[in-house]
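Colleague: Supplied in structure tokens, the structure appears directly below.
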Ligand code: ZN
């Protein structure tokens, strides 16, 4: 299983980090060792002093595909969940400055908190999904998939031109505005269309 993530897929988030809006999807990967499941706690790593949360809608790939057209791309995911793309923002900033890749900032152990998944068929419109992150009961991010710059079909098609998608792969589809730092003792809770999907602690 691999985790494919999209950067800057919500304009307001790109702007809050002073990044340009990309002309094509910006992709990075996390290995399977990044997965943090079952609401297990996230332990702040020693190597960073600025870990950020990024709440994202996550698609689960349901069959192998390569060179997919946008027209058929929606057949390649059946389930949706939520995830937190934990990011070592201090390391990312230093690496951006040097033009280095982002892996140490994005792909470290447990950097992808992942919820359970539900059938996409349970939602009327995957482009009108409201998702929200609360930390210690306070709303920090409140997004809607109608604001995406690149559709799920576009992302699946685009990635599959370069990287074969396999059953069980996960796609993190980008975060809305409101990202920020997590601290020891924080409780993170996230909802998708009013259902709770994540509820775990920062240690
Ligand atoms: Zn992200």
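Numbering (the numbering used here), first residue to last: 4 to 206.
Virtual Cβ for every residue (Gly too), placed ideally from N, Cα, C.
Counting only the same chain and skipping the five closest in sequence on each side, list residues whose C-beta sits under 8 Å from that of residue 70.
Modeller: On the chain shown, residue 70 is found 67 positions in, with the first residue counted as 1. Once the five neighbours on either side are set aside, the close Cβ partners of residue 70 are 163, 164.
Colleague: Can you list, in chain order, the residues of its chain with a C-beta nearer than 6 Å to that of residue 151? Leave out the 5 residues immediately preceding and following it.
Modeller: Along the chain shown, one-based indexing puts residue 151 at 148. Cβ neighbours of residue 151 beyond the five flanking positions: 12.
Colleague: Below 8 Å, can you find three or more Cβ-Cβ pairs linking the region 118 to 134 to the region 195 to 206?
Modeller: yes
Colleague: Taking a contact to mean a Cβ-Cβ separation below 8 Å, would you say residue 86 touches residue 59 in this structure?
Modeller: Counted from its first residue, the chain shown places residue 86 at position 83. Counted from its first residue, the chain shown places residue 59 at position 56. Yes; because the gap between Cβ atoms is below 8 Å, this pair is in contact.
Colleague: Pick from 74, 95, 111, 79: whose alpha carbon is nearest that of residue 48?
Modeller: Locating residue 48 in the chain shown gives position 45, counting from the first residue. The candidate whose alpha carbon is nearest that of residue 48 is 111.
Colleague: Would you identify the three-state DSSP class for residue 161, choosing helix, strand or coil?
Modeller: The residue given as residue 161 occupies position 158 in the chain shown. Residue 161 falls in the helix class under three-state DSSP.
Colleague: In angstroms with no decimal places, state the Cα-to-Cα distance between residue 23 and residue 187.
Modeller: Within the chain shown, numbered from 1, the residue matching residue 23 stands at position 20. Within the chain shown, numbered from 1, the residue matching residue 187 stands at position 184. C-alpha separation (whole angstroms): 32 Å.
Colleague: Going along the chain, which residues put their C-beta within less than 5 Å of some heavy atom in the ligand ZN?
Modeller: Residues whose Cβ lies closer than 5 Å to any heavy atom of the ligand ZN, listed in chain order: 57, 88, 178.
Colleague: Taking C-alpha atoms, which residue in 171, 108, 36 lies nearest to residue 82?
Modeller: Indexing the chain shown from 1 puts residue 82 at position 79. Nearest C-alpha to residue 82: 171.
Colleague: Assuming residue 135 and residue 90 make a contact with CB atoms under 8 Å, what is their CB distance in whole Å?
Modeller: One-based indexing of the chain shown puts residue 135 at position 132. One-based indexing of the chain shown puts residue 90 at position 87. About 19 Å; that fails the 8 Å criterion.
Colleague: With 16 as the cutoff for other CB atoms within 10 Å, does residue 79 come out buried or exposed?
Modeller: The residue labelled residue 79 in the question sits at position 76 within the chain shown. Buried.
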